[in-house]
Every structure is written in structure tokens, then in C-alpha cells.
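Each remark here refers to the structure printed beneath this line.
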Amino acid sequence: MFGKVLGVQNKPRRSIYSLTLWTGLTFFFVAASTYFLSQTRPTVDYFHGREPKSEPSASHQNPLLTNEGIERFALDHGYPRLGESANFTSLRQLCDSTKWQRHVYFTCTHNLGGLMNVRNMVLNCVRYAIAAGASGLVMPQIEARDPTVLKHLKTGEYQKMSYLFDDVWFKKVMKENCGQLKLLDTFEDITNSGYATMPDLINIQALMGQPPGNRQGRLRNKKPWEFRPRFDKLVQSRSQKPSWRTPVIVRLDDKALFSFPPSFDSPELARNFGFILEFRLDLSALSNVIVNRARKTLNDRTGNDPYVGLHLRSEADAGKYWASWDLLANTTISVATKNDIKLIYVASGDTDGVAKLAKKAADLGIKVLNKWSVLYADEKEFLQPFRFDQQAIVDYLALMRSDRFIGSGQSSFSSHLILRRELLASISSSEEKGVEPESTPRDQLVGPGRLGYWDMDWP
Ligand SMILES: *[C@@H]1O[C@H](CO)[C@@H](O)[C@H](O)[C@H]1NC(C)=O
Ligand SMILES: *[C@@H]1O[C@H](CO)[C@@H](O)[C@H](O)[C@H]1NC(C)=O
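Last residue of the sequence shown: 529 (the numbering used here), numbering continuous.
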């Protein structure tokens, strides 16, 4: 049949010709289809850092695995972004009143750990770059953790910011509100980067003359107002002064976690600064789809079923003294029962724990959902290859929008969600006047010793 189509004789005189012809044609089609498939695969932007995919099924083309398909999906479901209602006036005021330096650049590459830790470290790095009055900032990167052993954080696998965040959003917000800090895509974009002088990796604790804190730092900067004079002294102490010919490139180490106290800034800035980061649009869109679909579980027509969000932080790598499965499950079920809520959305890597919870809840007429139970096949195929921390974006936003929230006191992910939810609740209750204060707290962190870093993370 191909022979006819291509105008090749049907009866070649010798079989060797036929063999050569068919071998050639086979190569041609394999090459052509490989090329075609590579063209229909989405570009690096959306898929940076994805694992190699297994063979797609032959009969069905998943639109979410094409460039156009995922772009349309993101446009349809990704908006509005939460940060659109943020007020960056105070950021602009900060940048307008900062004394900026010439030829001093900041890089922050060693942002590692779980999703919320990475977020905090990136925000701190940007905040310190502003405090330093740096001339420019190389786009932050993320050190991705080992996908098979999640507690291995230092892998040397550096991903672009778009691995987790919306880099387009970040560039836009920073350009509009803090244009003095020029953003550079790569290190090489710094003029004369090849002649730069680079102090050792900067450790904030050492620079501030504080004890080193633990593995990731986790030590609040006690005198943030001293950062600038100490930083300037460090730069000035170098034999080669910053110049056009010899710029100074400062690299922050991996211990900036929870280092910058938001209370150092005005309340307006502290409340809004975190919105310079938004999570990547495609996964945000997927999360919105989950929430809207979850809310139709019981009443398809109204689509406003309330649900309790649970961060079931009972995975194997949870600390010995963290809230147990028992405590998290009991609290969640009792909150659902008390408030007559029939749905629980659970985020967890503990699959047995989720199954156990579903069984326990079912006895009380409560349904347990998670991202895999809510998503359709195409969406699951899209989400599945993403790494653990990328998939956490979907859960983060679904928990953020839940009606009640239960988390683990020792988890930075849970703790950050409480901060963010309190901020959003305070915004919406100040908009609707006359809302009665609730008698029971809307959100709870359970387990021993909640992390005491309320002034160590940006809402
Ligand atoms: C934004 O913040 C500034 C300063 O913090 C304030 O003066 C202004 O009224 C705010 N704008 C809105 C729309 O809330
Ligand atoms: C959870 O509830 C069960 C009974 O419903 C009880 O036996 C158990 O002790 C509770 N666990 C915790 C940690 O509260």
C-alpha cells in the first residue's frame, strides 16, 4: 500500500531491493514520527524537570500533553491568580527608598527542601538582595531533591525557577515594583561576569555574627537592620572594589531558611511580599479544577459542597514526635462531624494512611477525596510524572481553599497554610462587614510543639 502511494513499483526484480526499500521506509517513518512527537510535546517551560515519560497509548492523544492543550487549560482554569489582588505599593516604597549599589549582584541557587521551605528561601533571598541594594539578581534556582529518597536534599540538580514558580509573574511584579533590582536570566548575563570577584558563599548567620543554627539554618536574623552595614563592610573589605570591569557576585548559601523576620518590615509589606511568588500556572490551574470538581461531589447543581482540608503528614520521613495518624485523623473527623461537613480533602504521601482514613470516615457517611480520586484520566496522566514537590502545589492550593483546615504542628507546609489562610480570611472578613467572629477556630495545627516561626515566614 505504501508502495503505491509513494509510486514505488509493486514488483521489484530482486528481493534484496525490496528488503532495502522496506528497511529504508521503516527508518523514514520511525524518524518522522519521532520528530513529529517531539514537536507535539510541550516546550521546556511547562515541563522543565519532568521525568522521561513512558510510551503514550497509541489510540488516544491527551491534549494536556501538547503545548497548545496545556496552554489553553492553564488559561481556562489558572485565573485569577491570588497575587492579582496583592498591594505592592509598600514594596515599591521600599525599593524607592533603598540606596542601590553599582556592580554588585546577587545569586540564589541553593533553595532546597520541601515546597514551603523553598518558597521561604527564595523570598528571603530576594528580600536580602533588596536589603543589600544589589544592582541585579540572577533568577533564583531550585535544588531539586532526590525523587526516590526525599530526605536527600543536596543533589546538585539545579532547576529553573519555573520548576515550581511562575517566572513570568515574578519578572513582571519585580519590574513594575522594584525595577532598580535588575533581573538577569543567567549568571553569564552579568556584564563581565568572567572577571567578577566572588566572595565565599554567604552564610547569613555568620555574616550577622550569630550561631549557625541547624542543618538548613532555621535561625532568625536577630538584627536585620545590621545586615546592610555588615554586607557593605564585607564588600568593601575585598581588595578589588566593585566596578564595571570587575563586578562583585554574591552567592547565598543554603541556610537562609526562616532567616528574615517579616516583622522587620511594615505590616503592609509583610502581608504582601509573599505574593511576588505564584506557583506555576499549569499546576495552579489543575488545582482549581480539583477544588471546583470536589465541591460538586455531593451537590452537582450548586457546586458549593464544603470540605475539610487535611495535611496528613504521617509519611515515613515524619519526625518521631510529630502528630500521629491517629491524632490527625481523629481531629479531622471530629471537625467534620461537628460542622456537619461530609467531605474531607486529604494531601498525603502516606497511601496506607489515606486508605485507613477513608474507611474510618465512610462509617460516618463522610467521603475522603484526594487529587488522584478527583482528577480524570488525562489530568492524572499529565500530573503523574511531576516530582513530589511539584505535585504538592496542587495540594497546597486545594488545602488553601478548604473550608476548614487541619495540619501537623511540626510541618512547615501546614504552618505556612495556616498563615496564608489567616491572611486571606482577614482580607475577606474586612471586606464583608459585620461578620461574627467564629467561636471555634477554623484551622488547627495538631501534635506536640507547633513550630515557633510565626515571625519567620511570609504569609
Ligand atoms: C496599598 O498600600 C498603600 C500603602 O501601604 C496604601 O496607601 C494604599 O491605600 C493601598 N491601596 C489599596 C487599594 O488598598
Ligand atoms: C482516636 O479515636 C479512637 C476512637 O475513635 C480512639 O480509640 C483513639 O485513642 C483516638 N486517638 C487519639 C490519638 O486521639
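For every residue, glycine included, the Cβ atom is placed at its ideal position computed from N, Cα and C.
Which residues does DSSP list as the beta-bridge partners of residue i?
| i | result |
| --- | --- |
| Glu-62 | In the structure as shown, the chain starts at 71 and stops at 529, and residue 62 therefore has no counterpart that could be examined. |
| Tyr-265 | Tyr-265 is not bridged to any residue. |
| Gln-514 | Ile-476 |
| Val-438 | Ile-414 |
| Ile-319 | Tyr-175 |
| Leu-145 | Leu-145 is not bridged to any residue. |
| Val-378 | Ile-414 and Arg-474 |
| Lys-252 | Gly-206 |
Applying the criterion that 16 or more other CB atoms from any shown protein chain within 10 Å of the CB defines a buried residue, is residue i buried or exposed?
| i | result |
| --- | --- |
| His-180 | buried |
| Asp-255 | exposed |
| Lys-325 | buried |
| Pro-210 | buried |
| Leu-413 | buried |
| Thr-225 | exposed |
| Ser-155 | exposed |
| Trp-295 | exposed |
| Ser-482 | buried |
| Val-219 | exposed |
| Gln-306 | exposed |
| Asp-525 | exposed |
| Leu-515 | buried |
| Asp-370 | exposed |
| Val-505 | Bear in mind that the predicted position of Val-505 carries a pLDDT of just 47, short of 50, making it unreliable; the figure below should be weighed with that in mind. Label assigned to Val-505: exposed. |
| Pro-331 | buried |
| Val-320 | buried |
| Gly-148 | buried |
| Ala-201 | buried |
| Phe-99 | For Phe-99, the predicted structure reports a pLDDT of 48, less than 50, and the residue's modelled location is therefore unreliable. The matter cannot be settled from this model. |
| Leu-434 | exposed |
| Pro-299 | exposed |
| Gly-206 | buried |
Could you check what DSSP says for residue i in three-state terms: helix, strand or coil?
| i | result |
| --- | --- |
| Phe-345 | helix |
| Gly-419 | coil |
| Lys-587 | Summary: the structure shown does not reach residue 587, with the chain confined to residues 71 through 529, and so no result is reported for it. |
| His-173 | coil |
| Gln-310 | coil |
| Ser-500 | helix |
| Val-219 | coil |
| Leu-234 | coil |
| Ile-200 | helix |
| Lys-242 | helix |
| Leu-107 | Residue confidence is low: Leu-107 scores 39 on pLDDT, short of 50, so the model does not pin down where it sits. No coordinate-derived value is stated. |
| Lys-325 | coil |
| Leu-427 | helix |
| Gly-279 | coil |
| Ile-272 | strand |
| Thr-402 | helix |
| Asp-370 | coil |
| Met-526 | coil |
| Ile-360 | helix |
| His-486 | helix |
| Asp-433 | coil |
| Asp-387 | coil |
| Asn-132 | coil |
| Ser-333 | helix |
| Ile-140 | helix |
| Asn-157 | coil |
| Ala-393 | coil |
| Pro-150 | coil |
| Asn-409 | coil |
| Ala-101 | Because the pLDDT of Ala-101 is 48, which lies under 50, any placement of that residue in the model is unreliable, and the number read from its coordinates should be weighed accordingly. Helix at Ala-101. |
| Ser-354 | helix |
| Arg-300 | helix |
| Arg-491 | helix |
| Arg-189 | helix |
| Arg-365 | coil |
Could you round the C-beta distance between residue i and residue j to whole angstroms and report it? I think they count as a contact, below 8 Å.
| i | j | result |
| --- | --- | --- |
| Val-444 | Arg-383 | Going by Cβ atoms, the distance from Val-444 to Arg-383 rounds to 20 Å, so no, they are not a contact pair. |
| Asp-448 | Leu-134 | 5 Å |
| Asn-157 | Glu-385 | Contact doesn't hold; Cβ gap of about 37 Å is too wide. |
| Leu-289 | Gly-283 | 3 Å |
| Leu-251 | Met-244 | 7 Å |
| Gly-517 | Ser-478 | 5 Å |
| Arg-341 | Leu-489 | The Cβ separation is near 10 Å, so there is no contact. |
| Leu-439 | Tyr-415 | 5 Å |
Restricting to runs no shorter than 4 residues, where is the alpha helix (DSSP H) found entirely within the region 444-474?
Considered as a whole, the region 444-474 harbours 447-453 and 458-470 as its complete alpha helix (DSSP H) runs of no fewer than 4 residues, in chain order.
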